[in-house]
Structure formats: structure tokens, C-alpha cells
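A.B. asks: Take this structure first; my questions come after.
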Amino acid sequence: MSSSKFDPRRRIALGLVGISLLLAAGCQVRPLYSDGPSGAPATALASIGISEARDRVEQRVRNALIFLTSGGKGEPAAPQYQLALTVSHQATGVLFNERNDNDTASAGRLTVEADYNLTRVDTGKTVKSGHRKAVALVDFPVQEFAKLRAIRDAENRAAKELAEIIRADLAAALAN
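Heads up: the sequence shown at position 158 corresponds to 1560 in my numbering, and the numbers run straight through without jumps.
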């Protein structure tokens, strides 16, 4: 009885598997809308100027967008694109305490929404416009200061998430 361990067909099959693994080891995984840190989409994102903010939450979204689009370098001196950004936010209670007569909420949801319009500075043509929303859940403690701080933290989380969503939209639009 012969062992299948030394079967020539098995050796050939194992050799082919080994060669294909070596070839696959040379492949790289890269982000979908990036040619690296100096590619065309990254350069286009870094040349976006963002409109001034009107309140604290809009300023958080704006700051996060500036950081995400420029890679931490700040706003461009001469932007090729201009992003008009309008942000609104609202806190709503979702769980109400039935033991109290005043219907105080113990948990809620904070929604941050943005309307944006990306235009080319030289032509004034709209490249991308949209409406996006981010939701953060929040617990409302009994203490007033803790409640205000929880709402502010939820606003910050939702603003950062919204900026990441908008940046992905802008990258997709500028990659085409």
C-alpha cells in the first residue's frame, strides 16, 4: 500500500497553491477614494474652503470637516471649491419617567442635520449638494449641570459623525 503523501499530483497542487499565495502577498489594500496622501482626490479635498459657522455645533462640524479634508493642515489659502454649510440640531426625549408628574425624560436622542452645497470657485457650478443627518443617544441625569454636559457631549459626537459622512460624500463627488 502506497502513501498518498508523495503523490506527484498532490505535490503539484501544493506547489500551485504556494505560488498563488506568494503572488497574492504582493497585493495591497487601499482606500476606495484615495490615491494615497498626495493623490488627486486628497488634493481636491484639501482645496475646499468652508463657510463660517453661526453656532457652537456648526463650528464643531466645520472644524472636523477642515481637519478631515485637509489632513490636519488647516484651511487652504486659495480654495478651488467652496462648501456652503448650514447645520441645525435638536434634542428630544425618548424615555419618560412615569413616576414624576412633570414628564421628565431620562434618555433622549440628539439629531444634528446639515444641508451643504459644494461649488467650484472659478465657475460657480455646483459639484455636489445634499442633506445629511447624524443621531447621538444621550442619557439625561437628574442634576442640571450633568444633563447640560451630556447634551454637549452628544452634540460633539453627532457633529464629528456628521463631518465624517459629509467628507465621504465630498470625496466620492471629487473622485469622479
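Glycine is no exception: its CB is placed at the ideal position from the N, C-alpha and C atoms.
Would the segment 1541-1554 count as touching the segment 1515-1533 if we require 3 or more Cβ pairs under 8 Å?
C.D. replies: Flag = no, the segment 1541-1554 and the segment 1515-1533 do not touch.
A.B. asks: Look up SER1490 in the DSSP assignment and give the residues it is bridged to.
C.D. replies: Answer is GLU1515.
A.B. asks: Could you give the first and the last residue of the continuous beta strand (DSSP E) run that contains ARG1458?
C.D. replies: No beta strand (DSSP E) contains ARG1458, which is instead part of the alpha helix (DSSP H) from 1458-1472.
A.B. asks: Ignore the nearest five residues each way along the sequence and tell me which others in ARG1569's own chain have a CB closer than 8 Å to its CB.
C.D. replies: Only LEU1447, LEU1467, LEU1470 and THR1471 meet the Cβ criterion.
A.B. asks: Closest to VAL1523 by CA distance: which of VAL1463, GLN1482 and GLU1460 is it?
C.D. replies: The option with the nearest alpha carbon to VAL1523 is GLN1482.
A.B. asks: Measure the CB-CB distance between HIS1491 and THR1513 and report whether it falls below 8 Å.
C.D. replies: The answer is yes: Cβ separation under 8 Å.
A.B. asks: Less than 8 Å between the beta carbons of ARG1443 and ALA1552, yes or no?
C.D. replies: Reading off the sequence shown, one finds Pro at residue 1443, where the question assumed Arg. Contact: no.
A.B. asks: Determine the closest residue to LYS1535 out of ASP1457, SER1453, VAL1529 and ILE1567, with distance taken between C-alpha atoms.
C.D. replies: Minimum Cα distance to LYS1535 is reached at ILE1567.
A.B. asks: Taking 8 Å as the limit between beta carbons, can you name the residues of its chain near ASP1409, skipping five residues before and five after?
C.D. replies: No residues qualify anywhere along the chain.
A.B. asks: Check ALA1556 in the structure and name its three-state DSSP category.
C.D. replies: Three-state DSSP puts ALA1556 in a helix.
A.B. asks: Return the first residue and the last residue of the alpha helix (DSSP H) that VAL1419 is part of.
C.D. replies: Unbroken alpha helix (DSSP H) run through VAL1419: 1410-1427.
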